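Visitor: Numbering (the numbering used here), first residue to last: 46 to 173. For glycine and all other residues, C-beta sits at the position ideal for the given N, C-alpha and C. Source: prediction; values computed, not measured.
1) The beta strand (DSSP E) spanning residue 90 covers which residue range?
2) Do the region 129-138 and the region 82-94 touch if we need at least three Cβ pairs shorter than 8 Å?
3) Please report how far the alpha carbon of residue 104 lies from the alpha carbon of residue 164, in whole angstroms.
4) On the DSSP letters alone, give me the boundaries of the alpha helix (DSSP H) that residue 112 sits inside.
5) Under 8 Å, do residue 162 and residue 71 count as touching if we go by C-beta distance?
6) Taking all protein chains shown into account, do 16 or more other C-beta atoms lie within 10 angstroms of the C-beta of residue 93, making it buried, or fewer, making it exposed?
7) How would you call residue 57, buried or exposed, if buried means at least 16 neighbouring beta carbons within 10 angstroms?
8) With distances taken Cα to Cα, identify the nearest neighbour of residue 142 among 107, 167 and 89.
9) Taking C-beta to C-beta, are residue 158 and residue 108 nearer than 8 Å?
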């Protein structure tokens, strides 16, 4: 129990230290997986901006996207570690748009460069 409290204190401290975007859910139930943070923002510019804010608070950040099997939405996510080493995955969903995600078939998962999120922070931006 003591190690769980240390773990939860570290997460709380990270959340308190940074002014992070709104969170819809936070799952800390599995020690073998990263903490999962679902963003509570809508639209590609806001999701991309929120992910960048989180990315700036983490080490060893990578980004990916996943178009759900139904094909109507895309999950954008980053993974990284808090400065004290806790693995974190942060994600948000956006509607699928063929202009923004031209080479992403339904069900596909792809790695992507983190800098691409910056390109999407302005409304109306599409992938280049």
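Guide: By the coordinates alone:
1) Within the chain shown, residue 90 is the residue found at index 45, counting from 1. No beta strand (DSSP E) contains residue 90, which is instead part of the alpha helix (DSSP H) from 89-100.
2) Taking 8 Å as the limit for Cβ pairs, the verdict is that the region 82-94 does touch the region 129-138.
3) By one-based count along the chain shown, residue 104 stands at place 59. By one-based count along the chain shown, residue 164 stands at place 119. Residue 104 and residue 164 have their C-alpha atoms roughly 21 Å apart.
4) Your numbering for residue 112 matches position 67 in the chain shown. Here residue 112 belongs to no alpha helix (DSSP H); instead the beta strand (DSSP E) covers 104-112.
5) Counted from its first residue, the chain shown places residue 162 at position 117. Counted from its first residue, the chain shown places residue 71 at position 26. Cβ atoms of residue 162 and residue 71: not closer than 8 Å.
6) In the chain shown, the residue the question calls residue 93 occupies position 48. The residue is buried, with at least 16 neighbouring Cβ atoms inside 10 Å.
7) Position 12 of the chain shown, counted from the first residue, corresponds to residue 57. Residue 57 comes out exposed.
8) Position 97 of the chain shown, counting from 1, holds the residue named residue 142. Per the Cα distances, 89.
9) Numbered from 1 along the chain shown, position 113 holds the residue referred to as residue 158. Numbered from 1 along the chain shown, position 63 holds the residue referred to as residue 108. In this structure, the beta-carbon distance from residue 158 to residue 108 falls below 8 Å.
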